[in-house]
Each structure stands twice: as structure tokens, then as C-alpha cells.
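Here's the structure we're looking at; comments come further down.
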Amino acid sequence: MREIELASRIESVEEAAMIADEFAKSCGFGDEIGFAVDLAVRESIANAVKHGNKFDESKKVNMTLADKPEGFEITVRDYGSGFSVDDIPDPTNPENLLKTNGRGILFMRSFMDEVEWESPTDGGLRVKMLKKR
Amino acid sequence: MADITITERQAGDVTILDLDGKVTIGEGSVALRNTIRRLLGEGKNKILLNLGGVGYIDSSGIGELVSSFTAVKKEGGVLKLLSLTQKIQDLLAITKLLTVFDTFDDEGSALSSYN
Numbered sequence: 220m221r222e223i224e225l226a227s228r229i230e231s232v233e234e235a236a237m238i239a240d241e242f243a244k245s246c247g248f249g250d251e252i253g254f255a256v257d258l259a260v261r262e263s264i265a266n267a268v269k270h271g272n273k274f275d276e277s278k279k280v281n282m283t284l285a286d287k288p289e290g291f292e293i294t295v296r297d298y299g300s301g302f303s304v305d306d307i308p309d310p311t312n313p314e315n316l317l318k319t320n321g322r323g324i325l326f327m328r329s330f331m332d333e334v335e336w337e338s339p340t341d342g343g344l345r346v347k348m349l350k351k352r
Numbered sequence: 057m058a059d060i061t062i063t064e065r066q067a068g069d070v071t072i073l074d075l076d077g078k079v080t081i082g083e084g085s086v087a088l089r090n091t092i093r094r095l096l097g098e099g100k101n102k103i104l105l106n107l108g109g110v111g112y113i114d115s116s117g118i119g120e121l122v123s124s125f126t127a128v129k130k131e132g133g134v135l136k137l138l139s140l141t142q143k144i145q146d147l148l149a150i151t152k153l154l155t156v157f158d159t160f161d162d163e164g165s166a167l168s169s170y171n
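Chains as they are written, first to last, in the working numbering: chain A, 220 to 352; chain B, 57 to 171.
This is how it looks when you write it as C-alpha cells:
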């Protein structure tokens, strides 16, 4: 398992992706899982930095990577004001196709086998994702 | 250093942008946005994005493609896509954006479609 604390900057997306890629490879996961992990990490870290912590550098983003018997697990936590995933419009709805944002969660759900959000009692949002072996 | 390089060339009245690198949140997306804006400012509104060299695109990058498409269309022009990798094609399929963009595997067919 690896636990990483990241700054609330866009640069943290690439940093997190590189760490996750390296860890996944060290655990013996192949390219297909590696691609899914890379995408999920990028999208979830970007969401945490941009929408969660709103680039507030006094708030950190925590990422945990774990090699579990069932697969590769990623947990990302921000310390923002949280949001309801159900409030995110469906980007595949024809009326939303030409919107420029709102696709990150769709990508996470499409490439990871399990995605769960929870609101920690001390604020922010935690997303836990699993890519099965 | 930007994650992406954008090379511009002209084929008649069509501007081809050869993208190489990553179109992601941050510099990659901004570079594409700025290039499209500049071209539209120059009156160049027939644009072909060659994505053959794009190794990775995230949701922000996809959003930038959509933004570019809309901006070009607003100026009475057309933006199309060339040489999508399988992964990018999969992402556009998941987002239902293959119903929005005209995509091509070869440059000749792409250029002919502007006539």
C-alpha cells in the first residue's frame, strides 16, 4: 500500500498518475489495468484539486493505492465542501453533448469496476475505486 | 514545458493541426484552445485535428475538443478529427461524441470531405 499527500495544484494530476503507474507495475498489473488506473487517478485527482479543494493550497489531496486480493484499489480524498454525484448531469444525454465539462465521473465509472463516493464526517469527499484482476 | 506540441500546416483552405503528446487538464488543453482561437482570429475556420500523435487525452482534453468544435462552428467553419487511436476512439464512443465529430483514418479522405 502507498499513501500519498498531494498539493491542490494541477501539477499533482501528473505526479499522482506517475506514482500510481509505477506502483501498479511493481504489483504486477498489466497494461490494460494500468491504463484504467491511470485514467481513474487523473480524473479523481483533477476533481479533488479543482472541484473539491478549489485549488486552495492550504488543503491537501490524499491518495491511497492498494494491491488487494480482488484487484487494484485507489482512494482519493479532498477536504472541500463536498458534492452529490447525483447532481452531475449525464454527459451522454443529447442536450449535454456539447458541454465542455462533466465527463470525468463517466470515465471513472466506465474504466473502473467499482466506484463509491462517501462524505467523511470531517468534511470533504472520498472516492474509492477498484479495478478487478 | 508543455505536454503537447502542435504543428500547423495548410492544405488548400484547410488548416491541419498535427498534435503530438497529451491533451490533458492544464497546459495541453490550453495550448489547443489558444491555437484554435488564433486560427479563427486569422479567418481560418476549416480545421482538421490530426490526433495520431496524441498518446493520452483526459476528460478535460475531450472537453477542449468539444469547445473547439463549437467555437469553429460558431464562426461558420468546420472542425474534424483525423487518425484517432483506438483508445481515443473508445473515449469518444463512451461519451457519445462519435455522433458529433466527423472522424477519418486517412488525410486524403478527410480533406476531400471539406469540399
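Built from N, CA and C at the ideal position, the CB exists for glycine as well.
Rounded to whole angstroms, how far is the Cβ of residue i from the Cβ of residue j, which I believe are closer than 8 Å?
i, j, result
"Ile-113 of chain B", "Leu-154 of chain B", "Not quite, the Cβ-Cβ distance comes to about 14 Å (not below 8 Å), so this is no contact."
"Arg-89 of chain B", "Ser-123 of chain B", "7 Å"
"Ile-252 of chain A", "Val-232 of chain A", "Wrong, their Cβ atoms sit about 19 Å apart, outside the cutoff."
"Leu-225 of chain A", "Lys-279 of chain A", "6 Å"
"Ile-293 of chain A", "Ile-81 of chain B", "Between Ile-81 of chain B and Ile-293 of chain A the Cβ distance is about 18 Å, and since that is not below 8 Å, they are no contact."
"Phe-302 of chain A", "Glu-262 of chain A", "Rounded, the Cβ-Cβ distance is 15 Å, inconsistent with contact."
"Glu-333 of chain A", "Thr-283 of chain A", "That belief does not hold up - the Cβ atoms of Glu-333 of chain A and Thr-283 of chain A are roughly 15 Å apart, past 8 Å."
Mind pulling the chain B residues with CB within less than 9 Å of residue i?
i, result
"Ile-293 of chain A", "Near Ile-293 of chain A there are no residues of chain B at all, since even the closest Cβ is about 15 Å away, more than 9 Å."
"Arg-296 of chain A", "Chain B residues near Arg-296 of chain A: none, gap ~19 Å exceeds 9 Å."
"Ser-231 of chain A", "In chain order: nothing, as chain B lies at least about 10 Å away."
"Phe-326 of chain A", "Asp-114, Ser-115, Ile-118, Leu-147, Ile-150, Thr-151"
To the nearest angstrom, report how far apart residue i and residue j are at their CA atoms.
i, j, result
"Lys-273 of chain A", "Gly-343 of chain A", "11 Å"
"Asp-162 of chain B", "Leu-138 of chain B", "7 Å"
"Glu-337 of chain A", "Asp-305 of chain A", "12 Å"
"Phe-291 of chain A", "Leu-317 of chain A", "33 Å"
"Tyr-298 of chain A", "Val-268 of chain A", "10 Å"
"Met-331 of chain A", "Asp-286 of chain A", "15 Å"
"Val-260 of chain A", "Lys-244 of chain A", "15 Å"
"Val-85 of chain B", "Val-79 of chain B", "The sequence shown places Ser at residue 85 of chain B, rather than the Val named in the question. When rounded, the distance between both Cα atoms is 5 Å."
"Asp-76 of chain B", "Lys-347 of chain A", "32 Å"
"Asp-275 of chain A", "Ser-300 of chain A", "12 Å"
"Phe-254 of chain A", "Ala-127 of chain B", "31 Å"
"Arg-345 of chain A", "Asp-257 of chain A", "18 Å"
"Ser-329 of chain A", "Ile-144 of chain B", "14 Å"
"Phe-157 of chain B", "Cys-246 of chain A", "39 Å"
Could you list which residues in chain A have their beta carbon closer than 7 Å to that of residue i, in chain order?
i, result
"Gly-119 of chain B", "Thr-319, Asn-320, Arg-322"
"Ile-81 of chain B", "Ile-229, Val-232, Ala-265"
Identify the contact partners of residue i in chain B, using a Cβ-Cβ distance below 8 Å as the criterion.
i, result
"Thr-283 of chain A", "Within 8 Å Cβ-Cβ: nothing; Thr-283 of chain A doesn't reach chain B, min ~21 Å."
"Leu-225 of chain A", "Within 8 Å Cβ-Cβ: nothing; Leu-225 of chain A doesn't reach chain B, min ~14 Å."
For a contact meaning CB atoms closer than 8 Å, what does residue i contact in chain A?
i, result
"Gly-109 of chain B", "Simply none; closest approach about 18 Å."
"Ser-123 of chain B", "Thr-319"
"Val-156 of chain B", "Leu-316, Leu-317"
Who are the neighbours of residue i on chain B, taking C-beta pairs under 7 Å?
i, result
"Pro-310 of chain A", "Thr-151"
"Ser-329 of chain A", "Ile-150"
Can you list the residues of chain A that residue i reaches, using a CB-CB cut of under 9 Å?
i, result
"Thr-126 of chain B", "Leu-317, Thr-319"
- Query: Residues in the segment 337-349 of chain A with C-beta within 9 Å of chain B's C-beta atoms, listed in sequence order?
  - Reply: none
- Item | Cβ pair count under 8 Å reaching 3, the segment 345-352 of chain A against the segment 308-322 of chain A | no
- Query: Is the segment 316-334 of chain A touching the segment 100-115 of chain B in the sense that three or more CB pairs, one from each, lie closer than 8 Å?
  - Reply: yes
- Message: With three or more C-beta pairs closer than 8 Å as the rule, is the segment 97-112 of chain B touching the segment 62-73 of chain B?
- Response: yes
- Item | Against chain B: residues of the segment 259-270 of chain A by CB proximity under 7 Å | Arg-261, Glu-262, Ala-265
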